[in-house]
Amino acid sequence: MESSVLFSIGLSIQVAVIATFFVVLVGIGIAYLLAMKNFRGKILLDVICTLPLVMPPSVTGYYLIIVFGRNGVLGKPVYELTGWSIMFTWQAAVLASFVVALPLMIRTTRAALETVDRDLIRVSYTLGRSELETFFKISLPLAKRGIYAGTVLSFARAMGEFGATIMVAGNIPGRTDTMPIAIYSCAGSGDWQKAHILAAIFTVISALFLLAANRFSSSSV
Amino acid sequence: MLYKTKVVRTITILLAVLLYSNGVYAEELLVSAAMSLKNVFEEIAPIYEQQVPDVTVHFNFGSSGALEKQIEAGAPADVFASASQRFMDMLEKENGITPGSCRHFAQNSMVLIVPRDNPANINGFNDLGSGNRNKICIGNPGSVPAGRYAKEVLQNMNLYQKIQKNLIMGEHVRQVLDYVARGEVDAGIVYATDARIRSKEVKVLSAAPRGSHMDIFYPAAVVSSSQLQKQALDFVEFLSKHTQAKELLQKHGFSLIGIK
Chain A
44 MESSVLFSIG LSIQVAVIAT FFVVLVGIGI AYLLAMKNFR GKILLDVICT LPLVMPPSVT
104 GYYLIIVFGR NGVLGKPVYE LTGWSIMFTW QAAVLASFVV ALPLMIRTTR AALETVDRDL
164 IRVSYTLGRS ELETFFKISL PLAKRGIYAG TVLSFARAMG EFGATIMVAG NIPGRTDTMP
224 IAIYSCAGSG DWQKAHILAA IFTVISALFL LAANRFSSSS V
Chain B
9 MLYKTKVVRT ITILLAVLLY SNGVYAEELL VSAAMSLKNV FEEIAPIYEQ QVPDVTVHFN
69 FGSSGALEKQ IEAGAPADVF ASASQRFMDM LEKENGITPG SCRHFAQNSM VLIVPRDNPA
129 NINGFNDLGS GNRNKICIGN PGSVPAGRYA KEVLQNMNLY QKIQKNLIMG EHVRQVLDYV
189 ARGEVDAGIV YATDARIRSK EVKVLSAAPR GSHMDIFYPA AVVSSSQLQK QALDFVEFLS
249 KHTQAKELLQ KHGFSLIGIK
């Protein structure tokens, strides 16, 4: 198989795995806040975290450029200090996938946490367990089904991310061309053979992943 | 009973009105055109519509390669205006254009641009290879004609190999322009006509030397599957022959050298 095809497959998996790792970490944290706490700006946080779900990825990508671009709100100081910009790097693909997949994790995890019986949590507190301990021993295990579902959805979304990625990571052969971008690029330049191969592989990977996820969640939960 | 006949009569009248009014509407000519033609075509359309009142012109702008693929796959279009003869030839090979309808109507050239404040301090083509971190944006040579011409220029100057790892591939020529204007990249190679559009944000350093790339002729042709063959050919003729169209093309920086 062509090395550029292998590269795209490897990069897609790498980007999706790293993005999902951060999505799970951050997503569970935010979901916990939204499900269990009341604080000022809660609704705002909820809306901001859900926006990438309803906005077209091109709009998300546009905001990412405004924030993280070389002349962006955060990107500019970083670029001036280090001479490095996240634009057109594979890390930008991770960033795009992270932002787009995060709402899926938050929403499913939050729903799962909200169904956890509050009495169990209160009992744990009265038995002298700290909030952190209660979270890891009571809430998290009881919500694990939702967390698995959120992780699977996030991974799938991260793997298939295209619109925001092509805006911030660009389409650099051998550097940032994930599978969806490579397929788009091949189709646009008439390289149908490579597009066929990549599309077929992508479909197989997605199907295998969903099968595994189904089996995993039905047998272990 | 009376109520029923009233309803039937109303519906009949409404239908008649709808059917009749359909005939009054102008024919809609769909022109699939290269991104670099956007501004000039949007000015040519109202003038054409004034001259030919029973036709309204709609545009579908994109990279020529993508448009060619769309038309080849059966997307509706009446006219195809490409930024490169190559994609016209590809479509012709698939019997996608009406024989004898193809006309060259403009010529373009390539220029090297940098953001206004020129952060990488690039002063010409030869500086492109100097900084290792310089990011240089060109269109994707596979699907964007402007990218192919840019690649030709770089190859001609023996720069392509050297800077290949610093190249960012834009999905169409306007994206290249936008990345440079925003300062996301240090330099870009675009059409001379594009550089003019955002002259406040980008600086033109130099034009690609004559002969460093193939002549950039813009061909337009009638799509063979179009239902409006006559109107489409008329629009193509208008582009290549009419004085007002020629004036507008020149106003936007296109050259008419070699255009009959």
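Protein sequence lines correspond, in order, to chains A and B. Position 182 of the first sequence, counting from 1, maps to 225 under my numbering, and the rest follow consecutively. Position 66 of the second sequence, counting from 1, maps to 74 under my numbering, and the rest follow consecutively. In this text, a Cβ means the ideal position worked out from N, Cα and C, and glycines have one as well. The structure presented is a predicted model; accordingly, all values stated were derived computationally and were not measured.
Under a Cβ-count criterion, where at least 16 other Cβ atoms within 10 Å of its own Cβ denotes burial, should lysine 85(A) be classed as buried or exposed? Residue 85(A) sits at position 42 when you count from the first residue of the first sequence. The residue in question, lysine 85(A), is exposed, as its Cβ has fewer than 16 Cβ neighbours within 10 Å.
State the Cα-Cα distance for the pair valine 15(B) and glutamate 57(B), rounded to the nearest angstrom. Along the second sequence, one-based indexing puts residue 15(B) at 7. Along the second sequence, one-based indexing puts residue 57(B) at 49. Their Cα atoms are separated by approximately 40 Å.
Tell me which residue opens and which closes the alpha helix (DSSP H) that serine 47(A) is part of. Taking the first sequence and counting its residues from 1, one reaches residue 47(A) at position 4. Unbroken alpha helix (DSSP H) run through serine 47(A): 46-79.
Taking the beta carbon of methionine 222(B) as the centre, do at least 16 other beta carbons fall within 10 Å, making it buried, or is it exposed? The residue given as residue 222(B) occupies position 214 in the second sequence. So methionine 222(B) counts as exposed.
Does the distance from the C-beta atom of valine 66(A) to that of leucine 145(A) stay below 9 Å? Counted from its first residue, the first sequence places residue 66(A) at position 23. Counted from its first residue, the first sequence places residue 145(A) at position 102. A contact, by the Cβ cut-off of 9 Å.
What is the DSSP secondary structure of aspartate 89(A), reduced to helix, strand or coil? Residue numbering aside, residue 89(A) sits at position 46 when the first sequence is read from its first letter. Shown here, aspartate 89(A) sits in a helix according to DSSP, grouped into three states.
Proximity of methionine 165(B) and proline 216(A) at Cβ, strictly below 9 Å: Working through the second sequence from its first residue, we reach residue 165(B) at position 157. Working through the first sequence from its first residue, we reach residue 216(A) at position 173. Result no, Cβ atoms of methionine 165(B) and proline 216(A) do not sit closer than 9 Å.
Neighbour list for alanine 139(A) in chain B, Cβ cutoff strictly below 9 Å: Residue numbering aside, residue 139(A) sits at position 96 when the first sequence is read from its first letter. Ordered by position in chain B, no residue passes the 9 Å Cβ test against alanine 139(A), which lies about 15 Å from the chain.
Since I believe isoleucine 240(A) is in contact with valine 16(A) (beta carbons under 8 Å), could you give me their beta-carbon distance rounded to a whole number of angstroms? Residue 16(A) falls outside the range modelled here, since chain A spans only 44 to 264, and no answer is possible.
Buried or exposed by the 16-neighbour rule on C-beta atoms within 10 Å, applied to leucine 163(A): If you number the first sequence from 1, residue 163(A) lands on position 120. Counting other Cβ atoms within 10 Å of its Cβ, leucine 163(A) stays below 16 and is therefore classed as exposed.
Taking 9 Å as the CB-CB limit, is serine 151(B) close to chain A? For the purposes of this step, residue 151(B) is identified with residue 143 of the second sequence, where counting begins at 1. Answer yes: the Cβ-Cβ gap between serine 151(B) and chain A drops below 9 Å somewhere.
Quick one: Cα of serine 182(A) to Cα of leucine 156(A), how far? Position 139 of the first sequence, counted from the start, is the residue given in the question as residue 182(A). Position 113 of the first sequence, counted from the start, is the residue given in the question as residue 156(A). Rounded to the nearest angstrom, the two C-alpha atoms are 7 Å apart.
Coil, strand or helix - valine 231(B) by DSSP: Numbered from 1 along the second sequence, position 223 holds the residue referred to as residue 231(B). Looking at valine 231(B) - three-state DSSP - the assignment turns out to be strand.
Under 8 Å by beta carbon: chain A residues contacting arginine 190(B): The count along the second sequence starts at 1 and reaches residue 190(B) at position 182. Per Cβ cutoff of 8 Å: Ile108, Gly112, Arg113 and Asn114.
Glycine 193(A) - containing alpha helix (DSSP H), residue span: Taking the first residue of the first sequence as position 1, residue 193(A) is located at position 150. Segment 187-203, the alpha helix (DSSP H) holding glycine 193(A).
To test your reading of the DSSP string, which unbroken alpha helix (DSSP H) runs of 4 or more residues are found completely within the region 106-178 of chain B? 153-164 and 168-171
Rounded to the nearest angstrom, how far is the Cβ of valine 193(B) from that of lysine 143(B), given a contact under 8 Å? Position 185 of the second sequence, counting from 1, holds the residue named residue 193(B). Position 135 of the second sequence, counting from 1, holds the residue named residue 143(B). Between valine 193(B) and lysine 143(B), the beta carbon gap of about 4 Å places them in contact (Cβ cut-off 8 Å).
If we require 3 or more residues per run, which beta strand (DSSP E) segments fall completely within the region 183-230 of chain B? Taking 3 residues as the shortest admissible run, the region 183-230 of chain B contains the following complete beta strand (DSSP E) segments, listed from N- to C-terminal end: 195-199, 210-215 and 224-230.
Need the endpoints of the alpha helix (DSSP H) that valine 60(B) sits in, please. Residue mapping note: residue 60(B) aligns to position 52 of the second sequence, counting from 1. Neither: valine 60(B) is in no alpha helix (DSSP H) and is coded neither H nor E.
Can you tell me whether alanine 278(B) is buried or exposed, with buried defined as 16 or more other CB within 10 angstroms of its CB? Shown here, chain B extends from 9 to 268; a query on residue 278(B) therefore has no answer.
Touching or not, the region 224-233 of chain A and the region 176-194 of chain A, by the rule of three or more beta carbon pairs under 8 Å? no
Rounded distance between the beta-carbons of glycine 206(A) and serine 101(A), thought under 8 Å: In the first sequence, counting from the first residue as 1, residue 101(A) sits at position 58. In the first sequence, counting from the first residue as 1, residue 206(A) sits at position 163. Between glycine 206(A) and serine 101(A) the Cβ distance is about 5 Å, and since that is below 8 Å, they are a contact.
Looking at the secondary structure, which residues open and close the alpha helix (DSSP H) in which glutamate 255(B) lies? The residue you call residue 255(B) lines up with position 247 of the second sequence. Where glutamate 255(B) is concerned, the enclosing alpha helix (DSSP H) stretches over 251-259.
How long is the line joining the alpha carbons of alanine 128(B) and aspartate 97(B), rounded to whole angstroms? Counting from 1 along the second sequence, the entry for residue 128(B) is found at position 120. Counting from 1 along the second sequence, the entry for residue 97(B) is found at position 89. Near 39 Å, if we compare the C-alpha coordinates of aspartate 97(B) and alanine 128(B).
Buried or exposed (CB count within 10 angstroms, at least 16 for buried), alanine 195(B): Locating residue 195(B) in the second sequence gives position 187, counting from the first residue. Answer is buried; the Cβ neighbour count reaches 16.
Would a check of beta-carbon distances place arginine 234(A) closer than 9 Å to chain B? As a position in the first sequence, residue 234(A) is number 191, starting the count at 1. In the sequence under discussion, the amino acid at residue 234(A) is aspartate, which differs from the arginine named in the question. Judged by the 9 Å Cβ criterion, aspartate 234(A) is in contact with chain B.
Compare the Cα-Cα distances from phenylalanine 131(A) to each of Ala201(A), Gly104(A), Thr93(A) and Thr151(A) and report the closest residue. For the purposes of this step, residue 131(A) is taken as residue 88 along the first sequence, with counting starting at 1. Nearest C-alpha to phenylalanine 131(A): Gly104(A).
Which residue wins for smallest C-alpha separation from lysine 173(B), given the options Arg141(B), Gln163(B), Arg190(B) and Pro153(B)? For the purposes of this step, residue 173(B) is taken as residue 165 along the second sequence, with counting starting at 1. Looking at the Cα atoms, Arg141(B) is the closest of the given residues.
Isoleucine 176(B) versus chain A: which residues are under 7 Å apart at the beta carbon? For the purposes of this step, residue 176(B) is identified with residue 168 of the second sequence, where counting begins at 1. Ordered by position in chain A, the residues that pass the 7 Å Cβ test against isoleucine 176(B) are Phe131, Gly213 and Ile215.
Rounded to the nearest angstrom, how far is the Cβ of alanine 240(B) from that of serine 234(B), given a contact under 8 Å? Here residue 240(B) is taken as the residue at index 232 of the second sequence, counted from 1. Here residue 234(B) is taken as the residue at index 226 of the second sequence, counted from 1. The Cβ separation is near 5 Å, so the contact holds.
Along chain A, in chain order, which residues have C-beta atoms closer than 8 Å to that of alanine 74(B)? For this step, residue 74(B) is matched to residue 66 along the second sequence. Near alanine 74(B) (Cβ distances below 8 Å), the residues of chain A are Gly231.
Start and end residues, alpha helix (DSSP H) containing serine 101(A): Position 58 of the first sequence, counted from the first residue, corresponds to residue 101(A). For serine 101(A), the uninterrupted alpha helix (DSSP H) run begins and ends at 100-111, by DSSP.
Which residue or residues does DSSP assign as beta-bridge partners of leucine 37(B)? Walking along the second sequence from the start, residue 37(B) turns up at place 29. Paired residue(s): Val65(B).
So is serine 128(A) buried or exposed if we call it buried at 16+ other beta carbons inside 10 Å? Counting from 1 along the first sequence, the entry for residue 128(A) is found at position 85. By the neighbour-count rule (16 or more Cβ atoms within 10 Å), serine 128(A) is buried.
Which residues share a DSSP beta bridge with serine 128(A)? On the first sequence, residue 128(A) is found 85 positions in, with the first residue counted as 1. Note: serine 128(A) sits in no beta bridge, so no partner.
Given that a residue counts as buried once 16 or more other Cβ atoms are within 10 Å of its Cβ, and exposed if not, what is phenylalanine 198(A)? As a working note, residue 198(A) is residue 155 in the first sequence. Its Cβ being crowded by 16 or more others within 10 Å, phenylalanine 198(A) is buried.
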